[in-house]
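Only one structure is covered here, and it is reproduced in the block below.
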Amino acid sequence: MDHFNYRDGLLYAEDVPLTRIAEEVGTPVYVYSTATLERHYTVFADAFAGMRASVFYAVKANSNIAVIKTLADLGAGADVVSEGELRRALAAGVPPQKIVFSGVGKTREELAYALDVGILEINVESENELELLNAVAGEKGVTAEIAIRVNPDVDAKTHAKISTGKKENKFGIDIDRAVDVFRHAQSLTHIHPVTVASHIGSQLTDLDPYRAAFTRLVALVGELRAAGIDIKRLDLGGGLGIPYDGEEPPLPDAYAALVREVVGDLDVELFFEPGRMIAGNAGILLSKVLFEKHGEARRFVILDAAMNDLIRPALYDGHHGLKPVKEPSSDADWTPADIVGPVCESGDTFAKDRLLPRFVDGELVAFTSAGAYGAVMASTYNTRPLVPEVLVKGDRYAVIRPRQTFEEILGAERFPDWQTDDGGGRMAAVSG
Ligand SMILES: *Cc1c(COP(=O)(O)O)cnc(C)c1O
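Okay, here's the thing in structure tokens:
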């Protein structure tokens, strides 16, 4: 459920008409709903009531500090995958002791920073990382509490580019080798392995892969305990899907029931790292129709948003609903159209053959389910400024990231000294 609905013929975000945001902030613009973020977090967290469970919001899904703070204020921790995200979580007020650090390629500097700020746990993904972390912790005279991420070798049955739990994926340590690696970790002076972690993929719409993975993890915890390693926690990752195109992903309650059934008796603390299911349907990308163009064979709807603003369709065939902000009349004529952006790539196509009413130039449209893996993946390709972000709460809204200016883009670049008279790295001349 989200809070983007038609009222009196206009699409609203909570109690704010999207036409107002378009007028005052311009388009394209991401718009997030506080009530939807809060609802999704609460439904997920409440599903585990009575269990020792903690929720770490996967910051990479939507890392705006105001979004993180909305969730942190409800008690969420943060799952981060870079020093930058760690800094965002801290800036949003997440206490270090509620932060876990995942990722397959952390640098020495990132590990050192994580130890300095004293986060809860580092999720180690390789034996070389284990050695590096032991060395860095040794230099600082501290012991690092860690999870080891294992790869349970199950097929998450999701898109190949967001599947992470098969042997051929780069993530984690093969489950067959996990006992050896945990033993080795235990022998290192500055490492304290306490958690088994796993994350098998994103946008899962079926519980079976979870059941297969969790069953293997339970067996592993048994083996580890028999080997004298005191496992205190199980981190089950994220990955629950959302309905983009009529999918019916499991509800948090069904997911929680499976968790209870498979790992309920293990006497461990449970960690979860949901991202998409919290933020995905809490955001839309509001855009303007620049032109309709009717070729001989096709109808094109050309928007002011492009693949640099929302790359999911181009990157992994992601589907987003498209709603006209002005509610179509009941007698509107719906015909197939290709929805495209202005970027000079044929891949800059949001959808093909989508049934849509006829638009007039300048009309507003909203891509739905764009709150996760949307703004965070935006780029300035074609020198298009980074798209702004707005957070709505009831009848109020705030710009939580302004539109990037051309001055900011050009001002970040320098001429080398051989291109300038004065030999200095002079800034490019920019006219306002
Ligand atoms: C991306 C990621 C998540 C979140 O995945 P969602 O599909 O957004 O829930 C959780 N844990 C780890 C380690 C991740 O890399």
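Our numbering puts the first residue of the sequence shown at 6, with every later residue one more than the last.
C-beta atoms are modelled at their ideal positions from N, C-alpha and C, and glycine is treated no differently.
Item	Value
Looking only at its own chain, which residues have a Cβ that is under 6 Å from the Cβ of E88, when we skip the five neighbours before and after it?	E115 and Y118
For the candidate residues G352, L290 and T340, whose alpha-carbon lies nearest to that of R359?	T340
Could you please go through the chain and list the residues whose beta-carbon is closer than 5 Å to any non-hydrogen atom of ligand 1?	A63, A66, S107, H204, S207, G242, G243, G244, E278, P279, G280 and R281
Excluding the five sequence neighbours on either side, which residues of its own chain have a C-beta within less than 8 Å of the C-beta of T47, listed in chain order?	L79
Report the rounded CA-to-CA distance for L391 versus K331, giving the unit in angstroms.	26 Å
In or out: Q208 buried (at least 16 other Cβ within 10 Å) or exposed?	buried
Considering only their Cβ atoms, is the gap separating N286 from D7 smaller than 8 Å?	yes
Using the Cα positions of L91 and A302, report the straight-line distance between them to the nearest angstrom.	50 Å
According to DSSP, is L212 part of a helix, a strand, or is it coil?	coil
Which stretch, first to last residue, makes up the alpha helix (DSSP H) that contains S192?	A183 to S192
Taking all protein chains shown into account, decide if K298 is buried (16 or more other Cβ within 10 angstroms of its Cβ) or exposed.	exposed
Could you tell me whether the Cβ atoms of I151 and V129 are closer together than 8 Å?	yes
Tell me, please, whether the region 270-283 touches the region 230-242 by the rule of three or more beta-carbon pairs shorter than 8 Å.	yes
So, is the C-beta of S59 closer than 8 Å to a C-beta in chain C?	No chain C appears in this structure, which consists of one protein chain only.
Excluding five sequence neighbours on each side, which residues of the same chain lie with their C-beta closer than 7 Å to the C-beta of R406?	N69, P393 and E394
In chain order, which alpha helix (DSSP H) runs of at least 4 residues are fully inside the region 65-122?	70-77, 88-96 and 113-122
Check whether the Cβ atoms of I180 and I153 sit closer than 8 Å, and answer yes or no.	no
What does the alpha-carbon distance come out to for the pair G437 and K74?	Residue placement at G437 is poorly supported in this model, since its pLDDT is 46, which falls under 50; the coordinates are not used for a value here.
Mind listing, in chain order, the continuous beta strand (DSSP E) runs of no fewer than 3 residues lying wholly within the region 331-383?	339-345, 354-362 and 369-372
What do you get for G367, buried or exposed, if any count of 16 or more other CB atoms within 10 angstroms of its CB means buried?	exposed
Does R154 come out as helix, strand or coil in the three-state DSSP assignment?	strand
H197 and A149 look like a contact to me (Cβ under 8 Å); what is the Cβ gap, rounded to whole Å?	7 Å
Is the beta carbon of T32 sitting closer than 8 Å to the one on D422?	no
Secondary structure at V147, three-state DSSP: helix, strand or coil?	coil
Straight-line CA distance for L120 to A142?	7 Å
In this structure, does DSSP put N313 in helix, strand or coil?	coil
Should Y17 be labelled buried (16 or more other beta-carbon atoms within 10 Å of its own) or exposed?	buried
Taking buried to mean at least 16 other C-beta atoms within 10 Å of its own C-beta, is G323 buried or exposed?	buried
Taking 8 Å as the limit between beta carbons, can you name the residues of its chain near R216, skipping five residues before and five after?	L263 and V267
For G55, count neighbouring C-beta atoms within 10 Å of its own C-beta (all shown protein chains included) and say buried if the count is 16 or more, exposed if not.	exposed
Please state whether DSSP places T169 in a helix, a strand or coil.	coil
Output yes or no for whether 8 Å exceeds the beta carbon distance between I344 and V306.	yes
Below 6 Å CB to CB, which residues in the same chain sit around F53 once its five sequence neighbours on both sides are set aside?	A261
Out of curiosity, what's the CA-to-CA distance linking I167 and R230?	32 Å
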